[in-house]
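Going by my numbering, the letters in the sequence shown line up with residues 872 to 1266, in that order. Virtual Cβ for every residue (Gly too), placed ideally from N, Cα, C. Bear in mind that the values here come from a model prediction, so they are computed numbers and not experimental data.
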Amino acid sequence: MGTEYDSAGVKVVTNPRVGVWTRGTAWRVERDLTIGTETGMPEYQFGRVVDVEVRPDGRIYALDQMSARVRVFNSRGEYLFSFGGLGEGPGELSNHEPLGALAVLADSAGDLLVVDRVSNRLNRFTGDGEFLGYVDLGVQSGRVEPIVSAVLPNGDHLVHRVVRDTWNGILRVGSRDGRILDTLLAFSLQPRAWGLAQRNAQGRTEALMHSPLWAILPDGRVVAGRSDQSSFQVWGPNKRLEMVVRRHEENPVLSESGQERYLDRLMEIWETMFKDEGESEEWVEEQIGRGREVYIPPERLPAVTGFAWGPEGTIWVRAARPVELMTWHVLYARPPVREFWSRNWDVFSADGRLLGTVVLPPRFTLLRIRGLYIYGVEEDDLGVQRVVRLRLQTH
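Right, here's the structure in full:
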């Protein structure tokens, strides 16, 4: 590992390909709890769990977007109660995929905040599910994208705001009145972020739009980067850039053959989907030809696909998976980089050193890390979801 400081005093850490963990010291996970069933009691049957939150007393809050409800379980996975419900009234949520109710977050007071993209509301509930009111996340003007949301230690809420062609960044918003309090971080302008493809003069559009990625750390710092970059940054609560962490190599520009490989896979997915829908061979061939004329292959594939924080001050960086593993969801994923989510998370120490990689179970999506426990959703071959808690073995 190499460490240096630039002229502005920013710490720059360059990591080797292999982390410091050895075979005997590498962190591993083991299954600790599974909630959910394919048949039986309806309280344990999930439709589309998009987020999970955990309170200090061990209660697990699973936001099921399909039913527009938050289901609550105790630390042993036993069902307690639900709140929410489909609708537009007080305390009700939307179930539109993928932009309905999409995040459940606990604040420092113990209340639950449920972000609803369709209504642009930040709904507040007590830990027992009593509705306390909501604030409007319209944030005055411009489009708000609470695709990633977070709560600061002081209870303020963070939302990602995109004003087309002019601004892209993270705003600090009062969670009780919706007022804009501050700009936490502004990203370099990316008018195509979150899949807003714009056609060029020839009427063609990018086949993959990269996204800014970020997460809030427990101490209020922000880790941020772009999906097509191998490095990431850590920003202090005072909005000062504190550290740049570089992985072992830069994300390369795709060769011509690499670009073609991406388009080939995309058209293969497209073709399979059309045929499954019963379209004629002639029609499918015409659409595939049109697709090749319309789409511009990406310059780079994703290098990272998400950030999280873990025990002992660690920063977790989710790697990208190969193009060959893309599915038809890539045509509708929002943001598009979601289709590249990998099982592998690279773990960095608080000072930017690469420790090693934690490999999560197949079909498991990490949603929260709380202490030594990892909470997420597992989906089987039939599409049945279960909420799973993993225990992290660190020593």
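With 16 or more other Cβ atoms inside 10 Å of its own Cβ, residue 1114 counts as buried. Under DSSP, the beta-bridge partners assigned to residue 953 are 942. Residue 977 and residue 1083 have their C-alpha atoms some 24 angstroms from each other. Each residue's CA atom was taken as its position, placing residue 1247 and residue 1239 some 7 angstroms apart. In the DSSP assignment, no residue is bridged to residue 1124. Just so you know, the alpha carbons of residue 1007 and residue 1030 end up roughly 12 angstroms apart. In the DSSP assignment, residue 901 falls within the beta strand (DSSP E) that extends over 899-906. Look at residue 1092 here: in three-state DSSP terms it is coil, with no helix or strand label. For residue 924, the enclosing beta strand (DSSP E) stretches over residues 920-925.
In the DSSP secondary-structure assignment, residue 893 is not bridged to any residue.
Contact between residue 964 and residue 972 holds, with the beta-carbon distance rounding to 4 angstroms and staying under 8 angstroms. Excluding its 5 nearest sequence neighbours in each direction, residue 946 has C-beta neighbours in its own chain below 6 angstroms: 929, listed in chain order. In terms of Cβ geometry, residue 1257 and residue 1249 form a close pair [threshold 7 angstroms]. Of the residues assessed, residue 1166 falls on the buried side of the cut-off, its CB having 16 or more other CB atoms within 10 angstroms. For residue 939, same chain residues with a beta-carbon under 8 angstroms away, outside a window of 5 residues either side, are 955, 956, 957, 958, 963, 964, 965, 966, 971 and 972 in chain order.
Of all C-beta pairs linking the segment 1226-1239 to the segment 1096-1108, fewer than three are shorter than 8 angstroms, placing the two stretches out of contact.
If you compare the alpha carbons of 1196, 1251, 1220 and 1183 with that of residue 1244, the shortest gap goes to 1183.
Our two residues, residue 1266 and residue 1135, have alpha carbons roughly 44 angstroms apart in a direct line. In the three-state reduction of the DSSP assignment, residue 1119 falls in the coil class, being assigned neither a helical nor a strand state. With contacts defined by Cβ atoms closer than 7 angstroms, residue 877 and residue 883 form a contacting pair.
The straight-line gap separating the alpha-carbon atoms of residue 941 and residue 1237 is approximately 18 angstroms. Residue 1218 holds the alpha-carbon nearest to the alpha-carbon of residue 889 among 1253, 1218, 1260 and 1234. Cβ neighbours of residue 1043 within its own chain (closer than 8 angstroms, five residues either side excluded): 1023, 1027, 1028, 1029, 1051, 1052, 1053, 1054 and 1055. Straight-line measurement puts the Cα of residue 993 at about 9 angstroms from the Cα of residue 1004. Cβ-Cβ separation between residue 998 and residue 926: approximately 6 angstroms, consistent with a contact (criterion under 8 angstroms). Annotation for residue 1227: the continuous beta strand (DSSP E) segment containing it runs 1225-1230. Using a Cβ-Cβ distance cut-off of 8 angstroms, the segment 1193-1212 and the segment 1168-1181 are in contact, since at least three pairs of beta carbons, one from each stretch, lie closer than that value. A Cβ-Cβ separation of about 5 angstroms places residue 935 in contact with residue 918 under the 8 angstroms criterion.
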